[in-house]
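Line order of the protein sequences matches chains L and C.
No gaps in the numbering here: position 70 of the first sequence is 70 in our numbering, and each next residue is one more.
No gaps in the numbering here: position 37 of the second sequence is 155 in our numbering, and each next residue is one more.
First the structure, in the form of structure tokens, and then the observations on it.
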Amino acid sequence: DVKVTQSSRYLVKRTGEKVFLECVQDMDHENMFWYRQDPGLGLRLIYFSYDVKMKEKGDIPEGYSVSREKKERFSLILESASTNQTSMYLCASRLLTSGRPSNTGELFFGEGSRLTVL
Amino acid sequence: GDSVTQMEGPVTLSEEAFLTINCTYTATGYPSLFWYVQYPGEGLQLLLKATKADDKGSNKGFEATYRKETTSFHLEKGSVQVSDSAVYFCALVISSGSARQLTFGSGTQLTVLP
Numbered sequence: 001d002v003k004v005t006q007s008s009r010y011l012v013k014r015t016g017e018k019v020f021l022e023c024v025q026d027m028d029h030e031n032m033f034w035y036r037q038d039p040g041l042g043l044r045l046i047y048f049s050y051d052v053k054m055k056e057k058g059d060i061p062e063g064y065s066v067s068r069e070k071k072e073r074f075s076l077i078l079e080s081a082s083t084n085q086t087s088m089y090l091c092a093s094r095l096l097t098s099g100r101p102s103n104t105g106e107l108f109f110g111e112g113s114r115l116t117v118l
Numbered sequence: 119g120d121s122v123t124q125m126e127g128p129v130t131l132s133e134e135a136f137l138t139i140n141c142t143y144t145a146t147g148y149p150s151l152f153w154y155v156q157y158p159g160e161g162l163q164l165l166l167k168a169t170k171a172d173d174k175g176s177n178k179g180f181e182a183t184y185r186k187e188t189t190s191f192h193l194e195k196g197s198v199q200v201s202d203s204a205v206y207f208c209a210l211v212i213s214s215g216s217a218r219q220l221t222f223g224s225g226t227q228l229t230v231l232p
């Protein structure tokens, strides 16, 4: 089974702190994603990465950056945390779909990291 | 653009009741369709999927049929249990497209009472 592991289930940080959320997958997936989930807003895409060292902004990238130095690891960085970044953060991965017609493109999610910024 | 519209919640049912959560979509191309489930405090898990018209996905007593003519993928279960209480997300993927072509519905909260 695919396993996507997020390093911290619960974090509490102070305004202005730099925050790292780590995500590791063990199935050699090319694509990785960071979402945030807020009540009433569903899942919103922050950043995604097609492959190592590649990244692209999602729908709400402001205040965030990412790093993908190794294929299995995708990090989300909050350079200066703010209270409006209090949220549940979900990492996901999947196989590259292009050129693989048998791959249906579903995402595999981690358990989530609940971040509270005080 | 692509979109998924889900039945708004919350939905509250008694144990052993019949469940339907409606999902309709608009998409260019030929999407694959998914239902994900999120139990309290956890990430999303794939519940079932269907990749072409008339396919039926099923898992854990849940079923959904890919209806191209009505652009729908409604989730059903004949007899719900308390343990089915969760948030359910409908989603579509255009498999040949870019990674951006992943679209989720807003989620439907289901509570099953004993």
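Note that beta-carbon positions come from the ideal geometry of N, C-alpha and C, so glycine has one too.
| Asked | Found |
| --- | --- |
| Could you please give me the residues that DSSP links to ASN31 (chain L) through a beta bridge? | L:ARG94 |
| Going along chain C in order, which residues have a C-beta closer than 7 Å to the C-beta of GLY119 (chain L)? | No answer is possible for residue 119 (chain L): it lies beyond the span of chain L, which begins at 1 and ends at 118. |
| With THR132 (chain L) as the anchor, note down where its beta strand (DSSP E) starts and where it stops. | Any answer about residue 132 (chain L) is impossible in this case: the structure gives chain L only from 1 up to 118. |
| What residue does the beta strand (DSSP E) around ILE139 (chain C) start on, and which one ends it? | 137 to 139 |
| Name, going along the chain, the residues of the stretch 12 to 26 of chain L whose beta-carbon falls closer than 7 Å to a beta-carbon of chain C. | none |
| Check whether the stretch 64 to 82 of chain L and the stretch 19 to 34 of chain L touch, using three or more Cβ-Cβ pairs below 8 Å as the test. | yes |
| If GLY225 (chain C) sits next to ALA209 (chain C), beta carbons under 8 Å apart, how far is it from one beta carbon to the other, in whole angstroms? | The Cβ separation is near 10 Å, so there is no contact. |
| Give, in chain order, every residue of the stretch 34 to 45 of chain L whose Cβ lies closer than 7 Å to some Cβ of chain C. | GLY42 and LEU43 |
| Have a look at the DSSP bridge pairing and note the partners of ILE77 (chain L). | L:PHE20 and L:SER65 |
| Indicate whether at least one CB of chain L lies closer than 8 Å to the CB of PHE222 (chain C). | yes |
| Which stretch, first to last residue, makes up the beta strand (DSSP E) that contains TYR206 (chain C)? | 204 to 211 |
| Taking 8 Å as the cut-off, does the stretch 137 to 147 of chain C touch the stretch 90 to 97 of chain L (at least 3 CB pairs, one atom from each stretch)? | no |
| According to DSSP, what are the bridge partners of LYS195 (chain C)? | C:LEU137 and C:PHE180 |
| Shortest alpha-carbon distance to SER8 (chain L) belongs to which of L:SER113, L:LEU43 and L:ASP59? | L:SER113 |
| Using the C-alpha atoms, what's the distance from SER75 (chain L) back to HIS192 (chain C)? | 35 Å |
| Contact check, LYS167 (chain C) vs SER150 (chain C) under 8 Å by CB: the rounded distance? | 6 Å |
| Tell me the DSSP bridge mates of THR116 (chain L)? | L:VAL12 |
| Specify the secondary structure class of SER190 (chain C) as computed by DSSP and reduced to three states. | strand |
| Residues in the same chain with beta-carbon distance under 7 Å from PRO61 (chain L), minus the five sequence neighbours each way, listed in chain order, please. | ILE46 and TYR47 |
| Measuring alpha carbon to alpha carbon, tell me which residue in C:LEU231, C:GLU194 and C:THR123 is nearest PHE136 (chain C). | C:GLU194 |
| Counting only Cβ pairs nearer than 8 Å, list the residues of chain L close to GLU181 (chain C). | Within chain L, no residue comes near GLU181 (chain C); the closest Cβ sits about 17 Å away, beyond 8 Å. |
| Is GLU133 (chain C) near LEU231 (chain C), with beta carbons less than 8 Å apart? | yes |
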